[in-house]
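Only one structure is covered here, and it is reproduced in the block below.
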Amino acid sequence: MSKRSLEKEENSNRPAKEPKKHWSLGLVESMKDPKLIYKETKNIIVIKDKYPKAKIHYLVLPREEISSIFKLNKSHLDLLEEFGSVFNTIKEEHDCELRAGFHAVPSMHRLHMHVISTDMNSPCLKTKIHWNSFTTSFFILYEDLINNLTKDGCIEKMSNETHKSLMSTPLKCNQCSFEPKNMPQLKQHLLIHIK
DNA sequence: GTTCTAGAAC
DNA sequence: GTTCTAGAAC
């Protein structure tokens, strides 16, 4: 008698034919989820980050299928100008300091600009990589990206060496000179900066 | 991107 | 013994 292998479907309600999508397409899926959409315009959708790394954390994405910052050229400057307008609008709607920028090495598909508050106070902020991806030059500020694109006509890829080096940067508070020993100590320390 | 967890660090 | 980090995930 042959042994029947068990189906390894995560969701048994979903038709088995539907292939499981790769995690890196998660943002494209999230853009379709009304529960996650914060606001939208003709060319842009703003969603709430599913794993926010601060009290406020949104993602600004184009409806156009631009996979990452590396597909950008000068023809996209108008679209990016709209990113800036959306950022200004979001700032008007919030009482806290907000920063806008892009990860130098994005993990997820679809060009996305992070709009994140400086408190960095969130249960989803867990690792050194999380921290360094928002507090080192791995985080390309919106204005810097515009300047680089205007100057070079494209966004240069970061070398693996630079990437590795930035991710292993020793922890340092983003609001003072404190250098915590580890992540729990950093997270505890961040609380003193909350008004 | 997150989850899980082995083993390093304490 | 417990806390914490960091690498694999087919």
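So in this note's numbering, spot 106 of the first sequence is number 106, and the numbers just go up one at a time.
Each residue gets a CB set at the ideal place from its N, CA and C atoms; glycine is no exception.
All values derive from a computational prediction rather than experimental measurement.
Under the three-state DSSP convention, the category residue i falls into
i: V105; result: coil
i: E29; result: helix
i: E7; result: Since pLDDT at E7 reaches only 41, below the 50 mark, its modelled position is unreliable, and no value is offered.
Proximity winner among the options, relative to residue i (alpha-carbon distances)
i: A104; options: Q188, K195, E64 and C154; result: C154
i: N132; options: F102, H193, Y58 and G26; result: F102
i: T127; options: I140, P180, S117 and E161; result: P180
i: F87; options: I44, S68 and S122; result: I44
i: H114; options: M183, K48, P184 and H163; result: K48
Distance CB(residue i)-CB(residue j) smaller than 8 Å
i: L98; j: I37; result: no
i: L72; j: L149; result: yes
i: H109; j: L27; result: yes
i: L166; j: T136; result: yes
N- and C-terminal bounds of the alpha helix (DSSP H) containing residue i
i: K164; result: N160 to M167
i: K187; result: M183 to L190
Beta strand (DSSP E) segment containing residue i, residue limits
i: L61; result: H57 to P62
i: Y38; result: I37 to E40
i: I45; result: I44 to K48
Any beta strand (DSSP E) of 3 or more consecutive residues that is wholly inside the segment 82 to 145: 98 to 103, 113 to 117 and 139 to 141
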